[in-house]
Amino acid sequence: MKIWAHKYLLSPPGGILLVMTFWWLLPLFIRDVFRFPIYLYVTSFNLYFLMFAQTSIMSFAANLLNIKLSYWGKIGYWIKYIISCSLYSVNIFLSLFVIDFFHFRIRGVIEFFGTDPEGSIVLYFIPTVPFYWLIGFLLCFLLTLYRLYRKIANPDEQT
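Position one of the sequence shown corresponds to residue 0 (numbering that gives the first Met the number 0), numbered consecutively onward.
If you want it as C-alpha cells, here you go:
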C-alpha cells in the first residue's frame, strides 16, 4: 500500500499539489472540527470531503500522466513551477465550480455552517492562487540568479 500511495499520490507533480492544497485546507478543517460538531453539521463538512476527494483525484491524474510520459525528471524548474501552479489554480477553481454545483443545483448536499456561501472556506483559497504564483516566480528567479552567479564566479565548474 505504501508503494502504491507514494507512486500514484505522493510523488511529484501530484504530491506537490497535495501539499499546496492541504497546507491551507487541513488547518481550516481542524479549526471547524473544534468549532462545530461533525454529527450536527455533516452537510457543512461535505465541503471539506469534496475538496479532499477532488484534490486526491487531481493528484492521482497528474501522477498517472507523469508515469505515462515520464516528463517530471526531464524538465527544468521553471516548467515545474508553471505546471505546479497551474495544477493548483485548476484545482481551486474546479473546487469552486464543484461546490457551487452541489450547493445550488442539488440542495442539501452542502451547507455552510448555517451561513451563506460568502462565508465558505473555499473563498479563502482564491488569494492563495496569486500567492503561489508570486512565491514560485520569486524562488525560480532567485535560483536563476544564483546559478548565473555561480557560472560567472566559477567559469571552470559545470552546473
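Positions of the beta carbon are idealized from the N, C-alpha and C atoms, including for glycine.
It should be emphasised that the depicted structure is a prediction, and the values quoted were computed from it without experimental measurement.
Straight-line gap, residue i to residue j (C-alpha atoms, nearest Å)
i, j, result
"residue 40", "residue 31", "10 Å"
"residue 136", "residue 112", "36 Å"
"residue 142", "residue 100", "41 Å"
"residue 58", "residue 129", "20 Å"
"residue 147", "residue 75", "15 Å"
"residue 164", "residue 109", "There is no way to answer for residue 164, as the model of the chain reaches only from 0 to 158."
Cut-off 8 Å between Cβ atoms - residues of its own chain near residue i, not counting five sequence neighbours on either side
i, result
"residue 97", "49, 53"
Three-state secondary structure (DSSP) of residue i
i, result
"residue 111", "strand"
"residue 31", "helix"
"residue 16", "helix"
"residue 75", "coil"
"residue 8", "helix"
"residue 159", "The displayed coordinates of the chain run from 0 to 158. Any statement about residue 159 would go beyond what the structure contains."
Nonlocal neighbours in the same chain, by C-beta distance under 7 Å from residue i, ignoring five residues either side
i, result
"residue 15", "83"
"residue 131", "19, 84, 87"
"residue 61", "12, 13, 16, 86"
"residue 55", "8"
"residue 10", "62"
Proximity below 8 Å, CB of residue i to CB of residue j
i, j, result
"residue 90", "residue 12", "no"
"residue 163", "residue 20", "This structure does not reach residue 163, given that the chain is present from 0 up to 158, and the question cannot be answered."
Neighbourhood of residue i by C-beta, 6 Å cutoff - its chain only, sequence neighbours within 5 removed
i, result
"residue 120", "27"
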